[in-house]
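Here is the structure we will look at, set down as structure tokens.
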Amino acid sequence: MSTDAAEMPAFRYTAELATEIEERWQREWEERGTFHAPNPVGPLKGDVPADKLFVQDMFPYPSGAGLHVGHPLGFIGTDVFARFHRMTGRNVLHTMGFDAFGLPAEQYAVQTGRHPRETTEDNIRTYLRQIRRVGLGHDERRRISTIDPGYYKWTQWIFLQIFNSWFDEAAGKARPIAELEAEFAAGTRATPDGRPWSALGRAEREKVLGGYRLAYLSEAPVNWCPGLGTVLANEEVTPDGRSERGDFPVFRRSLRQWMMRITAYADRLIDDLDRLDWPEKVKAMQRNWIGRSHGARVRFACARPGAAEPATVEVFTTRPDTLFGATYLVLAPEHPLVDEITTPEQADAIAEYRRAVSRKSELDRQENKEKTGVFTGAHAVNPVDGREIPVYVADYVLMGYGTGAIMAVPGQDQRDWDFAKAFDLPVIRTVQPAEGFDGEAYTGTGPAINSGFLDGLDVAEAKKTITAWLEEHGHGEGTVQFKLRDWLFSRQRYWGEPFPVVYDEEGTPVPVPESMLPIELPDVDDYSPRTFDPDDANSEPSPPLSRAADWVEVELDLGDGPKKYRRETNTMPNWAGSCWYQLRYVDPTETERFVNAENERYWLGPRTTEHGPQDPGGVDLYIGGVEHAVLHLLYARFWQKVLFDLGHVSGDEPYRRLFNQGYIEAYAYRDDRGSYVPAEKVEERDGRFFFEGAEVRREYGKMGKSLKNVVTPDEMCARYGADTFRLYEMSMGPMDVSRPWATKDVVGAQRFLQRLWRNLVDEETGALRVTDETPGEDALRLLHKTIAGVRDDFAHLRYNTAGAKLIELNNFVTKHHPGGAPRALAEPLVLLLAPLCPHVAEELWAKLGHAESLAHGPFPAADERYLVEDVVEYPIQVNGKVKARVAVAASASPDEVRAVALADEKVVELLNGGEPRKVIVVPGRLVNVVL
RNA sequence: GCCCCCGUAGCCCAAUCGGUAGAGGCAGGCUCCUUAAAAGAGUCACAGUACGGGUUCGAAUCCCGUCGGGGGCACCA
-4 MSTDAAEMPA FRYTAELATE IEERWQREWE ERGTFHAPNP VGPLKGDVPA DKLFVQDMFP
56 YPSGAGLHVG HPLGFIGTDV FARFHRMTGR NVLHTMGFDA FGLPAEQYAV QTGRHPRETT
116 EDNIRTYLRQ IRRVGLGHDE RRRISTIDPG YYKWTQWIFL QIFNSWFDEA AGKARPIAEL
176 EAEFAAGTRA TPDGRPWSAL GRAEREKVLG GYRLAYLSEA PVNWCPGLGT VLANEEVTPD
236 GRSERGDFPV FRRSLRQWMM RITAYADRLI DDLDRLDWPE KVKAMQRNWI GRSHGARVRF
296 ACARPGAAEP ATVEVFTTRP DTLFGATYLV LAPEHPLVDE ITTPEQADAI AEYRRAVSRK
356 SELDRQENKE KTGVFTGAHA VNPVDGREIP VYVADYVLMG YGTGAIMAVP GQDQRDWDFA
416 KAFDLPVIRT VQPAEGFDGE AYTGTGPAIN SGFLDGLDVA EAKKTITAWL EEHGHGEGTV
476 QFKLRDWLFS RQRYWGEPFP VVYDEEGTPV PVPESMLPIE LPDVDDYSPR TFDPDDANSE
536 PSPPLSRAAD WVEVELDLGD GPKKYRRETN TMPNWAGSCW YQLRYVDPTE TERFVNAENE
596 RYWLGPRTTE HGPQDPGGVD LYIGGVEHAV LHLLYARFWQ KVLFDLGHVS GDEPYRRLFN
656 QGYIEAYAYR DDRGSYVPAE KVEERDGRFF FEGAEVRREY GKMGKSLKNV VTPDEMCARY
716 GADTFRLYEM SMGPMDVSRP WATKDVVGAQ RFLQRLWRNL VDEETGALRV TDETPGEDAL
776 RLLHKTIAGV RDDFAHLRYN TAGAKLIELN NFVTKHHPGG APRALAEPLV LLLAPLCPHV
836 AEELWAKLGH AESLAHGPFP AADERYLVED VVEYPIQVNG KVKARVAVAA SASPDEVRAV
896 ALADEKVVEL LNGGEPRKVI VVPGRLVNVV L
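In my numbering, the protein residues as written are -4 to 926.
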């Protein structure tokens, strides 16, 4: 390829010219504060239109690896959307900050000896340089970072709000813990052991309150990951019992940790999904994770050796209607009643089984679906008919769900069927299977059989009837069960938010008053987390902060004189900072509060006139990958609801509309040794692939350094310019579809911009080539059709089709106006292009003689006159096949269209004098004649 | 194993309510421009919608089944 300067016209739109234009406009925008979005009040106060739009990208983690072309896909998508709406006159808030706490910085610190803050801040600078180059229109005054004390001060403050509240079941919402304390003090609510509140010491009181607080300390089995040196939330553990990050084994271990009572909000977290404009897929994943099931608890009396009184085994079932078919009970191996009810003859067998199960890893226990178990020797009484049924211990029943015990109904549950077959236990069908059913357990619907007073009732009626019966006779009650567990909120890490909590001499947690926030992260000699042999289940967590003795031991006056306290040495999980960042974007510099209430209401409050009476408020458009479906998105919703209940925010959901962008993927190639070869240097010949002459195998998937197939936005900007790169990414397909990267295709976007540039600018002189010619009727029709189409496409995130329409319009100009574009076409074309390719659009707009940036409009509006056609061409189908075309006035009535169609030569010929059986006229579309 | 999404030209993708299968890009052919090549301009071809049924005047679109790809859940009682 020749790039000889002598041959290249001086003002051709090349990568060099594009880069010059882009750097200049990026500077202009920054100096002019073009993307500053004013707030109603406070430091960022300005004139605010009532019509606003808050667009947000998912909080990026500033990785040291830098960006590849996949990362900016969503960022460009939000930028186009934001720029489009800004041009139509709306006040648009779009910015980007950093979720900067996290394990990678800490691990990197261990390798390099540099402080995580240093490396993280370096990474942020690199990241900002990279995204600036792409031309994202961010309000840079609103950049925040979770590691800034000015930010995490408020993360700690929110923690205190959560700590200082409880969930009032009767009201269905959170209330201040002080109101609960007042109820105990007044005696309107009894203490657990019935003693008056005044008789309880401070530690005792705190223990009672801890049972209610939304953030509480718990001594409970948690997911301990020695390889990472920390505990993990359930959401961070894969189904095969390993850490999502690092893929290390995770062990169950009992530890004293902070928990968030997210389960209190389970119902609201499920129910409010209905009010969100989110992808159904994400809603389904959240519903599934929360896992609400309606059923009943049923109590079975069970004899225990050497005791006069029987034990009570409580089970949870979603199918109380099948109670007559329960032929045995199963307890989880860890169930506390196992020891009490096991007969002496069975004791050894049970003990052996429990030992064997405890040695199995989570993975073994789940992978091996062969049913195993041991008979306890005990029998329980089925409350509905007095029948004695055997009680087993088996590991297919989990201690962690429901009551850790089930009633087994092999006739209607496949797992129970499998166990019953393995242990030769009886099966009683209690639902009449459908006609022709030849399976094993029948889980479908049908009338109840073999079920006494339930016989003949369908499943739903039977459930209702038996639940009422259980409640009336005291054998159980209807209940709702969730899979969701409370959120483990402690991490044994250095690089996270410190808890605003200290412990007194009795070990009782005491919140640090708001006036002492932020609790800053101290510098320590060794800030690496202590990790262990990944398989060492018995290792002890050791938070790095516990080694900062000077920081841990403090003397504070918390209202009753100076006393010695110990600081909490765990830190918060990575998710904390991202639970509320949209609120801080609104008011990044507010010092009195986490966000000013008026600003919060303006940007994030419900807007019922616009979005309907159920509108929960929140960010107007939130774009990110689907990988956060249950982690970040569930936690952020939970925090929002607590803040809402306490009156700190005006809406009860953080993100009104969510959109999941697809991923950019790439081909990778391996040689015959299985090593990856640089994808860039692979040649394709006849559908086969070669690297340095040797054939290589193609794979498809992620872009990554180790796969040697990374393409960076920096490279693309250098080779083509940012506008070309943006346009190509947006043209590749719909925003929500994953697709392969193809560097060779980028040139198509570049050629388009070159043609457009050439239509407006003389490549030799740089002078404007725009004429005052009045465009013809055809041109105006196409122009207004394009305006209407592009507007609609931008509003619905269909950037690929918007781009295609602009190319069409430009092609028309190229073809019909070789002497230069008429101004009446050139100006709207530039404006329509601006959201996608803002730099070149600004440059052309300026060349067209406009002193003001086009960032705030105008955006062209279509003239309806040019959208209605005078004459419509109707295809005439005969029996569904197109046989002819006729032109008919657009105002023609269906009968007139019918008449014209039937008069058509071809149709007359095919009719051959006969009458059509039927004629279908679709106004504006076609005519179908049925013979 | 269960649930969800997707299969349209060699490739990436359009077709918005069931109404003419093709907007745009890459790659390809031809023509013009050029000493030549590249770039550029113009122009052309290519699939009948993964497959098999069904509903309909009419199906890429709706329904059933099969195959292929992607994702979620996976003893949750």
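The beta carbon of each residue, even a glycine, is placed where N, CA and C say it ideally should be.
It should be emphasised that the depicted structure is a prediction, and the values quoted were computed from it without experimental measurement.
Give the straight-line distance between the Cα atoms of residue i and residue j, rounded to the nearest whole angstrom.
i	j	result
LYS168	THR83	40 Å
ARG190	GLU199	11 Å
ASN283	ALA261	12 Å
PRO568	GLY612	26 Å
ASP531	LEU831	54 Å
MET280	GLU622	11 Å
ALA943	ALA571	The requested residue 943 is not part of the displayed model; the chain covers only -4 to 926.
THR9	PRO649	43 Å
PRO216	TYR396	14 Å
PRO536	GLY224	6 Å
MET3	GLU15	16 Å
VAL922	PHE76	40 Å
GLY699	PRO708	14 Å
Using the DSSP secondary-structure output, state which residues sit across from residue i in a beta bridge.
i	result
ARG292	PHE311 and GLU472
ARG652	ASP272
THR225	CYS220
GLY619	ASN655
MET402	LEU324
TRP253	LEU212
THR766	PRO817
ASP163	LYS168
Once DSSP output is grouped into helix, strand and coil, what is the label at residue i?
i	result
TRP575	coil
ASN118	helix
ASN218	strand
ARG588	coil
THR566	strand
ALA0	Bear in mind that the predicted position of ALA0 carries a pLDDT of just 42, short of 50, making it unreliable; the figure below should be weighed with that in mind. Correct three-state label for ALA0: coil.
ARG734	strand
THR322	coil
LEU804	helix
GLN745	helix
CYS832	coil
TYR597	helix
GLY372	strand
ARG27	helix
ASP582	coil
ARG776	helix
PRO67	helix
LYS459	helix
Nearest to residue i by CA position, among the options, is which residue?
i	options	result
VAL867	GLY699, GLY919, HIS851 and LEU827	GLY919
MET254	ASN565, TYR715 and ARG893	ASN565
LYS810	ASN754, ARG786 and LYS739	ASN754
PHE295	PHE477, ARG692, ALA373 and TYR498	ALA373
LEU271	PRO601, VAL741 and GLU859	PRO601
ALA389	VAL376, ARG128 and ALA403	ALA403
GLU509	ARG588, THR440 and ARG750	ARG588
GLY471	GLY69, ASP740, HIS627 and PHE311	PHE311
SER645	ASN655, LEU599, MET711 and ALA885	LEU599
ASN874	PRO495, LEU326 and VAL902	VAL902
PRO442	LYS697, GLY434 and PRO428	PRO428
PHE179	ASP188, TYR103 and TRP192	TRP192
LEU88	GLN745, PRO33 and TRP24	PRO33
Apply the 10 Å Cβ neighbour rule to residue i and answer buried if 16 or more other Cβ atoms are within range, or exposed otherwise.
i	result
GLN577	buried
GLN609	exposed
PHE661	Here residue 661 is Ala; the residue named in the question, Phe, does not match the sequence. Buried: at least 16 other Cβ atoms inside 10 Å.
VAL892	buried
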